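To start, the structure under review is shown below, and the notes come after it.
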Amino acid sequence: MTERVDHRVRDDRSHLDPAVLAGAESFARSWATAVIGSSYVPMTRAEVAQHLQDLTEMLVEALYATPFRTAPGYEIGARLVDAHFTGTDTLGRTIQLVGDDLLVELGADSDDRLRSRLAALQGALSAGYARALRERTLAEQEAIRAAVLDARDQAEAALRASEARFRAMFTEAAIGIGIADIEGRILDVNQALQDMLGFSVEEMRQYNVRDLMHPEDAGSVWRLYDQLIAGECDHYRAEKRFHRADGEQVWTHLTLSLVRDDHGEPQYQVAMIEDVTDRHLLQNRLRYQALHDPLTGLPNRALFLERLGRVFNNRGKRRRAGLCYLDLDGFKVINDSLGHDIGDQLLVEVGRRLDHSVSGEGKLVARMGGDEFVILVEGSSGTDDIVQVADRVLREMEAPIRISGHELSVSASIGIVERPLAGTTAADLMRDADITLYWAKADGKSRWALYDPERNAREVARFTLSATMPRALERDEFYVEYQPLVRLEDSTVVGVEALVRWQHPEFGRLAPDRFIELAEETGLIVPLGRWVLRKACEEARRWLVEFGDAAPFVSVNLAVRQSRDPELVRDVKRILDECALPPHHLQLELTESAIMGTADEPLESLRALSDMGIKIAIDDFGTGYSNLAYLKHLPVHELKIAGSFMEGLRAADEEDPVDSQIVATLVQLAHALRLGVTAEGVETPAQAKRLHRIGCDTGQGWFFARPGPPDAIDSLLRGDL
Amino acid sequence: MERPNWAPGDIDLERPSVARVYDYWLGGAHNFAADRAVAQRILEDVPHLRGVIVNHRSFLRRAVKHLVSVGVRQFLDLGSGIPTVGNVHEIAQGADPTSKVVYVDIDPVAVAHSRSLLLDNDQVNVLQTDVRDAAVVLKSPEVTELLDFDQPIAVLMVALLHFVPDGEHPREIIAAYRDALPAGSYLAMSHAGYEPGEWDPNWNAARTAYNSNVQQMTYRTKAEIISMFDGFELVEPGVARLPLWQPDSPDDVGDDAATFLGFGAVGRKA
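In order, the protein sequences belong to chains Z and Y. Counting from 1, one number per residue, gives the positions in the first sequence under our numbering. Counting from 1, one number per residue, gives the positions in the second sequence under our numbering.
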């Protein structure tokens, strides 16, 4: 493009003869026609014609010039090439045309001298053309080769730049990158990976990928590796640990990729390895924190339950396990009196002692919260294993604990459960251990209790009873039986004791000892007692109507809780009123402790009842601790001597002098206080006879009659028996 | 792995390049044995091909001259090839030295050569890329730093689009350039082709020789070429056989002009 050619050759054609000039023009036209199209020339046809006209004139001048020189011919050849008449046909056609036509067109005589000159110019033109074309060709070849070199340089520079970029990516990457061949020979590792593993490139190159196996590797890591090497997968991710050069471990996320060659055959493997050790350790710490009690450092409830769950997941047929559920005795008192700080320190020490006394394979001590600890013993062989553990723990607790100048004696209660894993669950085990701990507490603390399925069944039944009692009352499952109170002097039925029974739909007929205590605990005794009182009063009223003066009074038991019920007097009065029963037909029985151990208020109630005309009896007299001096001031009318004193009076032939003396003394005491005396538990004629002799007023017991329905009393009163 | 688009291709002198084969046909020596071998083999099958090539080159000269005459001073020469003689900037800058030209070619050797020749010419840029990706061309610094898109620009597609088969959507390529040009811009195109009913077995031979040795080649009819000027108003004489498009003189119109194997046209964007 710099090859610009000045096509204007010369402008001094004036000295040529006009006829010659015309001939030259004619020749130039023929010449143009001959060579146009033989090469690409960036000129119009007219421009080409003009160019060749100029060259023709130059040629003509040289032909006639004096002295004759061939140099113009040479130049004409060169100028043809300069104008890009480079097609090889151009020269041939030109030489031929010059030889054939030029002299003819010029109208010149073809003398030898002129012909010789023309031949010389033709030769010079050819030489000039050849030389110019050669130079041009060489120049263009050189230019194109230089361009190739430039292009290659640029290509290589670009390639180098791209490689440098990739290299920089590889070198500077924060993620570890390693490349290995398909046999696993490590070829290169970047700085990040060297730093991560602590090996240099040279050291790493000594290794095979398989040398980086870690014993904790998941099986899948190397299974996938084999698949990748075999070309069955192109990449996979895994969590993997590596050994560092310094012996430490690195936790990583590994991504391994397969690089295939152009034919798709596996060629390289590229590993991208991210160091997640910190994250891993943090996770471990968080997990540890989540699963341990921060105060004692012991495993917490979550870890314990997890472990217990695992025990049950891995259970074999004959596997057993045991639990000690432990609770400090009186910890609340320490906490409340000495403060939480002391309490916490105490828990730390207890935790330490537990951990110390219960170390070993398959044993786990955990703090469940508060002052509750639990010990799990896996693979126990029997109850004894756990009892030994519990004994050791209790012994370990014996030494006083010294905290901030306080010498604290602590004890613990332990519930023990030990059983085969088959047929039970983790939840069962926990619940039963918890219940058993409660027993240990109830049995007096500072001890262990062993889970007892029968005791549990009883307690469950108790619980069931107490839970179903309110509905039982609504459904009329209770009923009242009556046992005669017989005057010993003439065997007349003077009264009846009302005894409540429960016809339980599941457990059948239940005696009061099965449910009265429960009713006292739940408070249901108040409505139940009221119900019994009403029933008894209704019955008494009936007897009064039927039998008149011969009708017995009813004696109704009053539980402790009832006796303290502020509504008691009003309730009793209302029931008597509603039943239209005169108060002297009602006797209320209270235990010694109910009467003696009471404050003033219940006494006032009793006094009010007594004032109404109701008799008050002390039930089971002699079994409690009665304040005899106090007895005199109480609103009491009758003592019922407990059946236990009747044992010694039972036999027909011989009596126990002590029992006999006690009963006699009690009778004397009662009579001295102007109280009536009823003997309970009279079962034999001998007893009845002796009691009468001693001076006892009234008897009650199987000897006279068992408790029975009201109509049984009716029969007695009618003298049917 | 696929090579990133900024990574260079191989420079393989054993593989003929369109640019160098053309150079050989035009009488240049910017070519190598492999180029010449193919060029000669094609010439044996299609002896008049050299004339065809010369005509494309001649059309380029006439088209640029026309564009200069209507005031265009910016040229985007797509598929510019090896700079031999009679290049766009010589013609344009011959008329007005401030004329600007961007040469674009995919051939790294042609581009390197152009760059070395044009080192001192700050009105000319050379870009190596695939002209089929108009967005890359139009966003390149070589184009954006030299050409003023508020002034008319002539896009030159001389002997280019018959190397773009229909499957590569030549119309969409043209449209992409067209849409980037300001109104008053031009498209100059020469394209191998013939009218329905005209058929010369040699043409097939030429195409076969191209297809197998150099590059896939597609002949198109006049109607197809007219449709490629969608969005342009064709200047006189419209889409014409190459020798018949604004010939320098009646003498230049040979006997075979009416059945010449190729068309040329210049269109103005409205």
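Heads up, the beta-carbon is just placed ideally off N, CA and C, and yes, glycines get one too. All of these numbers come straight from a predicted model, not from anything done at the bench.
task: Compare the Cα-Cα distances from Z:Arg-301 to each of Z:Glu-349, Z:Glu-372, Z:Ser-359 and Z:Thr-255 and report the closest residue.
output: Residue numbering aside, residue 301 of chain Z sits at position 301 when the first sequence is read from its first letter. Comparing Cα positions, the closest option is Z:Glu-372.
query: Just curious, the beta strand (DSSP E) that Y:Gln-123 is in, first and last residue?
result: What you label residue 123 of chain Y is simply residue 123 of the second sequence in a count that begins at 1. From DSSP, Y:Gln-123 is part of no beta strand (DSSP E); its letter is neither H nor E.
message: For the segment 36-54 of chain Z, list every residue whose C-beta sits within 7 Å of some C-beta in chain Y, in sequence order.
response: Residues Gly-37, Ser-39, Tyr-40, Pro-42, Thr-44, Arg-45 and Ala-46.
query: Below 8 Å between beta carbons: does that hold for Z:Tyr-325 and Z:Ala-422?
result: Along the first sequence, one-based indexing puts residue 325 of chain Z at 325. Along the first sequence, one-based indexing puts residue 422 of chain Z at 422. No, these two residues do not count as a Cβ contact at 8 Å.
message: When you compare the CB of Y:Asp-248 with every CB in chain Z, is at least one pair closer than 8 Å?
response: By one-based count along the second sequence, residue 248 of chain Y stands at place 248. Yes, Y:Asp-248 lies at the interface with chain Z (some Cβ there is under 8 Å from its Cβ).
- prompt: Nearest chain Z C-beta to Y:Ala-258 closer than 8 Å, yes or no?
  reply: In the second sequence, residue 258 of chain Y corresponds to position 258, counting from 1. Interface with chain Z (8 Å Cβ-Cβ cutoff): Y:Ala-258 is excluded.
query: Ordered along the chain, which non-local residues of its own chain (more than five positions away) have a Cβ less than 7 Å from that of Z:Val-569?
result: The count along the first sequence starts at 1 and reaches residue 569 of chain Z at position 569. Non-local C-beta neighbours of Z:Val-569 in its own chain, meaning closer than 7 Å and more than five positions away in sequence, comprise Ser-605, Ala-608 and Leu-609, ordered along the chain.
field: Residue range of the beta strand (DSSP E) that includes Z:Val-209
entry: Walking along the first sequence from the start, residue 209 of chain Z turns up at place 209. It is not in any beta strand (DSSP E) - Z:Val-209 carries neither H nor E in the DSSP assignment.
- prompt: If you drop the 5 nearest sequence neighbours on each side, which residues of the same chain put their C-beta closer than 6 Å to that of Y:Pro-8?
  reply: As a working note, residue 8 of chain Y is residue 8 in the second sequence. Reliability of the predicted coordinates at Y:Pro-8 is poor, the pLDDT of 44 falling under 50, and no value is obtained from them.
message: Spatial neighbours of Z:Val-494 within its chain, please: C-beta separation below 8 Å, excluding the five flanking residues on both sides.
response: Taking the first residue of the first sequence as position 1, residue 494 of chain Z is located at position 494. Excluding residues within five positions, the ones whose Cβ falls inside 8 Å are Leu-485, Val-486, Arg-487, Pro-552, Phe-553 and Thr-698.
query: By the 10 Å Cβ neighbour count, where 16 or more other Cβ atoms means buried, how is Z:His-584 classified, buried or exposed?
result: As a first step, residue 584 of chain Z must be located in the first sequence, where it is residue number 584. Only exposed fits Z:His-584, as fewer than 16 other CB atoms lie within 10 angstroms of its CB.
Chain Z contact for Y:Arg-268 (CB, 8 Å cutoff): Here residue 268 of chain Y is taken as the residue at index 268 of the second sequence, counted from 1. Contact of Y:Arg-268 with chain Z is not assigned, every C-beta pair being separated by 8 Å or more.
message: Would Z:Arg-241 and Z:Val-250 qualify as a contact pair, given that the criterion is a beta-carbon distance under 8 Å?
response: Sequence index remark: in the first sequence, residue 241 of chain Z carries index 241 (1-based). Sequence index remark: in the first sequence, residue 250 of chain Z carries index 250 (1-based). Contact: yes.
- prompt: Does the beta-carbon distance from Y:Val-155 to Y:Leu-181 come in below 8 Å?
  reply: Residue numbering aside, residue 155 of chain Y sits at position 155 when the second sequence is read from its first letter. Residue numbering aside, residue 181 of chain Y sits at position 181 when the second sequence is read from its first letter. Going by C-beta atoms, Y:Val-155 is nearer than 8 Å to Y:Leu-181.
task: With DSSP collapsed to three states, give me the class of Z:Val-5.
output: Residue numbering aside, residue 5 of chain Z sits at position 5 when the first sequence is read from its first letter. Below a pLDDT of 50, predicted positions are generally treated as unreliable, and Z:Val-5, at 44, falls in that range; the measurement from the model is reported next regardless. Z:Val-5: coil per DSSP, three-state reduction.
query: How do the segment 149-159 of chain Z and the segment 84-99 of chain Z stand: do at least 3 beta-carbon pairs fall below 8 Å, yes or no?
result: Taking a cut-off of 8 Å on C-beta distances, the segment 149-159 of chain Z does not touch the segment 84-99 of chain Z, as fewer than three cross pairs fall below it.
field: Beta-carbon spacing of Z:Phe-645, Z:Ile-662 below 8 Å
entry: One-based indexing of the first sequence puts residue 645 of chain Z at position 645. One-based indexing of the first sequence puts residue 662 of chain Z at position 662. For the pair Z:Phe-645 and Z:Ile-662, the CB atoms are nearer than the 8 Å cut-off.
- prompt: If you draw a straight line from the alpha carbon of Z:Gly-695 to that of Z:Ala-664, how long is it in whole angstroms?
  reply: By one-based count along the first sequence, residue 695 of chain Z stands at place 695. By one-based count along the first sequence, residue 664 of chain Z stands at place 664. Each residue's Cα considered, the two are about 8 Å apart.
message: Between Z:Pro-299, Z:Thr-492, Z:Ser-38 and Z:Gly-309, which has its C-alpha nearest Z:Val-374's C-alpha?
response: Along the first sequence, read from residue 1 onward, the residue named residue 374 of chain Z stands at position 374. From the listed residues Z:Pro-299, Z:Thr-492, Z:Ser-38 and Z:Gly-309, the smallest Cα separation to Z:Val-374 is found for Z:Pro-299.
task: Mind checking who Z:Ile-616 pairs with in its DSSP beta bridge?
output: As a first step, residue 616 of chain Z is located in the first sequence; it is residue number 616 there, counting from the start. Z:Ile-616 is bridged to Z:Leu-588.
- prompt: List, in order along the chain, the chain Y residues whose C-beta lies closer than 8 Å to that of Z:Arg-136?
  reply: The sequence position of residue 136 of chain Z within the first sequence is 136, counting from 1. Those are Ala-29, listed as they occur along chain Y.
- request: Rank Y:Gly-81, Y:Pro-108 and Y:Val-124 by C-alpha distance to the C-alpha of Y:Glu-97 and give the top, closest one.
  value: For the purposes of this step, residue 97 of chain Y is taken as residue 97 along the second sequence, with counting starting at 1. Glu is not the amino acid found at residue 97 of chain Y; the sequence shown has Pro there. Nearest C-alpha to Y:Pro-97: Y:Val-124.
task: Compute the beta-carbon to beta-carbon distance between Z:Phe-27 and Z:Glu-105, rounded to the nearest angstrom, for a pair I have assumed lies under 8 Å.
output: Within the first sequence, numbered from 1, the residue matching residue 27 of chain Z stands at position 27. Within the first sequence, numbered from 1, the residue matching residue 105 of chain Z stands at position 105. Rounded, the Cβ-Cβ distance is 4 Å, consistent with contact.
Endpoints, beta strand (DSSP E) assigned at Z:Lys-535: By 1-based counting over the first sequence, the position of residue 535 of chain Z is 535. Counting along the chain, no beta strand (DSSP E) covers Z:Lys-535; the unbroken alpha helix (DSSP H) around it starts and ends at 525-547.
message: In whole angstroms, give me the CA-to-CA distance for Z:Ala-71 and Z:Ala-124.
response: Residue mapping note: residue 71 of chain Z aligns to position 71 of the first sequence, counting from 1. Residue mapping note: residue 124 of chain Z aligns to position 124 of the first sequence, counting from 1. Going from the Cα of Z:Ala-71 to the Cα of Z:Ala-124 covers about 7 Å.
query: Which residues share a DSSP beta bridge with Z:Gln-503?
result: Counted from its first residue, the first sequence places residue 503 of chain Z at position 503. When DSSP reads this structure, Z:Gln-503 sits in a beta bridge with Z:Arg-509.
task: Would you kindly report the start and end of the unbroken alpha helix (DSSP H) that includes Z:Phe-312?
output: Taking the first residue of the first sequence as position 1, residue 312 of chain Z is located at position 312. 301-313 is the span of the alpha helix (DSSP H), which, as asked, contains Z:Phe-312.
- prompt: Which residue comes first and which comes last in the beta strand (DSSP E) that contains Z:Glu-274?
  reply: For the purposes of this step, residue 274 of chain Z is taken as residue 274 along the first sequence, with counting starting at 1. Here the beta strand (DSSP E) through Z:Glu-274 covers 266-275.
message: In this structure, how does DSSP classify Z:Arg-241 when only helix, strand and coil are distinguished?
response: The sequence position of residue 241 of chain Z within the first sequence is 241, counting from 1. Residue state, collapsed to three classes: strand.
message: Just to make sure I have the definition right: I need the residues of chain Y whose C-beta is within less than 8 Å of the C-beta of Z:Glu-140. Which are they?
response: Taking the first residue of the first sequence as 1, we reach residue 140 of chain Z at position 140. Simply Gly-28, Ala-29 and His-30.
- prompt: Y:Pro-47 touches chain Z at which residues, Cβ-Cβ below 9 Å?
  reply: Translated into positions along the second sequence, residue 47 of chain Y becomes position 47. Per Cβ cutoff of 9 Å: no residues; Y:Pro-47 is ~12 Å from chain Z at best.
query: Exposed or buried, which one is Z:Tyr-739 when buried takes at least 16 other CB atoms within 10 Å?
result: Here chain Z covers residues 1 to 721 and nothing more, so residue 739 of chain Z does not appear.
- prompt: Pairing CB atoms from the segment 131-149 of chain Y with CB atoms from the segment 160-169 of chain Z, are three or more of them under 8 Å?
  reply: Result no; under three Cβ-Cβ pairs closer than 8 Å.
task: Less than 8 Å between the CB atoms is what I'm expecting for Y:Val-239 and Y:Phe-263, so what's the real figure, rounded?
output: Counting from 1 along the second sequence, the entry for residue 239 of chain Y is found at position 239. Counting from 1 along the second sequence, the entry for residue 263 of chain Y is found at position 263. Cβ atoms of Y:Val-239 and Y:Phe-263 come within 8 Å of each other, at about 5 Å.
message: Going by DSSP in three states, Z:Val-189 sits in which element: helix, strand or coil?
response: For the purposes of this step, residue 189 of chain Z is identified with residue 189 of the first sequence, where counting begins at 1. DSSP places Z:Val-189 in the strand class (E or B) of the three-state scheme.
Proximity winner among Z:Ser-200, Z:Glu-239, Z:Arg-93 and Z:Phe-199, relative to Z:Ala-218 (alpha-carbon distances): Here residue 218 of chain Z refers to the residue found at position 218 when the first sequence is read from its first residue. With distances taken between Cα atoms, Z:Ala-218 lies closest to Z:Glu-239.
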